[in-house]
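Only one structure is covered here, and it is reproduced in the block below.
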Amino acid sequence: MISIQSFIIRVIDWFYRPFKSWMSIELFRYAACGGGNLVLDWVLYFITYNFIIGHDLIYLSFPFTICLTPHIASLCIVFPITLLTGFWLQRNITFTQSSLHSVRQLLRYVSVVALNLAINYWGLKLCVEVWAWYPTPSKITITLLTVIVSFFGQKYFSFRK
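Start counting at 1 in the sequence shown, then tack on 469, and there's your number in the numbering used here.
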């Protein structure tokens, strides 16, 4: 029986053929895996924001009360899911040649993702609350910026050879 990892690699590599002359297989796999995880992120964000949170403020009571806006609450729900799927894809599909121990890879991956999370958080605050953009297009725009940060961080830090 073929593993899910082997299946994903075969499918991505089959689509790589037309791009072979101007893109490395690593960059193509990164784009395919990152793109798939990105679409998952957008879909989950849209569903969470529109159907789970329902555009309502979320109040969390600890020893003190925290109020989360719906776009930030949606980000908090979706983030752990795409963090884990993204790590698995990048570690097992894209950057398979890394000699770093998996725990170190995960810690480094999380640090790069934390930077991207900060960019997402402040970007959403700026776009939605200051510029009054719609949340989903704001999230998409910000994510396009973080793709560049993420590629270089993952290639040269998290999964370096």
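Each residue gets a CB set at the ideal place from its N, CA and C atoms; glycine is no exception.
Values in this document were obtained by computation on a predicted structure and should not be read as measured data.
For residue i, which beta-bridge partners are listed by DSSP?
i	result
CYS536	TYR528
Do you know how far the Cα of residue j is from the Cα of residue i?
i	j	result
ILE478	ILE494	10 Å
TYR499	HIS524	33 Å
TYR485	SER475	15 Å
ILE521	ILE527	11 Å
CYS532	PRO539	Per the sequence presented here, residue 532 reads as Pro, with Cys not at that position. Answer to the nearest angstrom: the Cα atoms are 22 Å apart.
LEU509	THR551	7 Å
SER619	GLY555	11 Å
THR565	PHE626	14 Å
Would you mind giving the Cβ-Cβ distance between residue i and residue j, rounded to the nearest angstrom? I have them listed as a contact below 8 Å.
i	j	result
THR605	PHE515	6 Å
VAL419	GLN623	Past the edges of the chain, shown from 470 to 630, lies residue 419, and the structure says nothing about it.
SER568	LYS630	6 Å
In three-state terms, what does DSSP make of residue i?
i	result
ARG629	coil
PHE564	coil
TYR485	helix
TRP591	helix
TRP491	coil
LEU569	coil
Just curious, the alpha helix (DSSP H) that residue i is in, first and last residue?
i	result
GLY523	Segment: none, GLY523 is in no alpha helix (DSSP H) and carries neither H nor E.
GLN623	Careful: GLN623 lies outside any alpha helix (DSSP H) and carries neither H nor E.
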